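Numbering (our numbering), first residue to last: 14 to 128.
We put the beta carbon where it would ideally sit given N, CA and C, even for glycine.
Every value quoted in this text rests on a predicted model; they were computed, and no experiment measured them.
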């Protein structure tokens, strides 16, 4: 009998972000069912980038983005591929490609409901 494993999409939440040089990405809203969020930021070759997060309400992000308080992750601006795990509540994440285009991959565990 073969074992059947759940697909990655059954247990992981994965989203990609990208930004052009000198610009921010659109924010990625982090669903409430995501735990252990890891952000993997990849600045373009020879470039630099930073990641920002907020704990502000999702409605504020959608309706009045200018009032959102964005906090730069504690790693600061990076010039090499860098990963960090979020500690605490994060409502949304965005990246800024400072000198070259940049990408980011967000990966979180889908919270399982125990019955």
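Identified DSSP bridge partners for residue i
i           : result
residue 119 : 28 and 52
residue 91  : 62
residue 98  : 51
residue 109 : 37 and 63
residue 85  : 65
residue 42  : 105
Inter-residue CB distance, residue i and residue j (contact presumed, cutoff 8 Å)
i          : j           : result
residue 53 : residue 123 : That belief does not hold up - the Cβ atoms of residue 53 and residue 123 are roughly 18 Å apart, past 8 Å.
residue 84 : residue 66  : 6 Å
residue 88 : residue 56  : That pair is no contact at about 12 Å.
Reference residue i, options the options, closest by Cα
i           : options             : result
residue 82  : 116, 45 and 103     : 103
residue 94  : 75, 80, 114 and 78  : 114
residue 79  : 70, 33 and 87       : 70
residue 35  : 47, 50, 120 and 116 : 116
residue 10  : 45, 55, 56 and 74   : Here the chain has residues from 14 to 128 only, and residue 10 is not among them.
residue 24  : 33, 49, 37 and 32   : 49
residue 68  : 57, 55 and 86       : 86
residue 112 : 58, 120 and 44      : 58
residue 121 : 32, 46, 33 and 37   : 46
residue 44  : 33, 72 and 32       : 72
Assigned secondary structure, residue i (DSSP; H/G/I helix, E/B strand, else coil)
i          : result
residue 77 : coil
residue 72 : helix
Three CB pairs or more closer than 8 Å across the segment 98-111 and the segment 54-74: Segments in contact, yes.
Stretch-stretch touch, CB-based, cutoff 8 Å, three pairs: the segment 91-98 with the segment 26-40: Cβ pair count under 8 Å is below three, so no.
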